[in-house]
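Undergrad:
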Amino acid sequence: MIGFFDSGVGGLTVLHECLVSLPAEDYLYVGDSGHFPYGTKQPDELQRRAVAIAQYLFEQRVKLLVIACNSATAAAGPLIRQMGEQAGVPVITVVEPEAEIAAAISENGRVGVLATPATVTSGAYRVALDAQRRPLEVTEVAAADLAPTIQDDLSFDEELIEMVRVYCEPFRTAGVDTLILGCTHYPLIAPLLQRILGRDVRLVTAGHAMAGAIQRELTARSILSLSSGEGDYRFVVTGDLDSFAESGARFLQLPLGHRVSAASIPATD
Ligand code: DGL
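Taking this note's numbering, the leading residue of the sequence shown gets 804, the next gets one more, and so forth.
1. Confirm the yes/no value for this check: CB of V1004, any heavy atom of the ligand DGL, distance under 8 Å.
2. Flag Q954 as yes when its Cβ comes closer than 8 Å to any non-hydrogen atom of the ligand DGL, and as no otherwise.
3. Suppose you measure from the CA of Q845 to the CA of V898; what does that come to, to the nearest Å?
4. Are there any heavy atoms of the ligand DGL lying less than 8 Å away from the beta-carbon of P1069, as far as the coordinates show?
5. Hey, which unbroken runs of the alpha helix (DSSP H) at 4 residues or more fall wholly within the region 890–914?
6. Below 7 Å CB to CB, which residues in the same chain sit around S1050 once its five sequence neighbours on both sides are set aside?
7. Roughly how many angstroms lie between the CA atoms of R1002 and V1040, to the nearest whole one?
8. Whose C-alpha, out of T922, S1028 and D980, is nearest the C-alpha of A827?
9. Ordered along the chain, which non-local residues of its own chain (more than five positions away) have a Cβ less than 6 Å from that of G880?
10. Quick one: residues in its chain with C-beta nearer than 8 Å to the C-beta of Q1018, no 5 flanking neighbours on either side, listed in chain order?
11. Quick check on the DSSP output: what are the complete beta strand (DSSP E) runs of length 3 or more inside the region 944–1027, in order along the chain?
Right, here's the structure in full:
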């Protein structure tokens, strides 16, 4: 079984790609919706949440752990990788896979990052983009209210369009040709971003990048499921079950229904 976690439903955009490209695997997804949003939390609080959930998933004996949340990766990625090494469980996170793709596909070397305040403040994307083999001009925009708007009430109204237009302005001014969607909630507004930025700007999402990285890691460790059928997937949620199941179906594009159950995963100091 592969473990996933996110602050709520956003990481389901990554799980979606895995259910499509690695259908034989079993998945357990923790949605920490009782503590959503992560993107405006302080790093220490975010780290405590992420560590508690990682510990919970290690106890469920997952064979690989995926941090499907940019804000959690930014605050606790290295620490959870260390925990994974001790537990003998590989840990795959967002951020680096998208940075690699962006550096590879940008033609003019101008890359934008749209992410939560927690992710932008951490500098995680800047570090990951600086580590690529070419110099890049990076423009980052912190979007405090975008993930909550997408999660709670995604009606494509004028207000949302105006909000996204304002966030996109610095990318247009900088002339970026590649934009990293640095929050797992944002693929749901990809068409809107594409329209505002123009069709020549390439959008990089975590989903595709992560599914490839997960497959490579499972293959390298000889733990890829070789079964030809469809595996199981289920969800453990720290917040309201009905609203997770309802908004989750939009993100996953598959039914969640009876697969969702509740858990309280307290953080320890
Ligand atoms: N899905 C989370 C991320 O990728 C952000 C949403 C939140 O603010 O909790 O950063």
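Note that beta-carbon positions come from the ideal geometry of N, C-alpha and C, so glycine has one too.
TA: Let me lay it out:
1. no
2. yes
3. 19 Å
4. no
5. 899–908
6. V812 and Q954
7. When rounded, the distance between both Cα atoms is 37 Å.
8. S1028
9. T896
10. S824, L825 and L1027
11. 981–985 and 1005–1007
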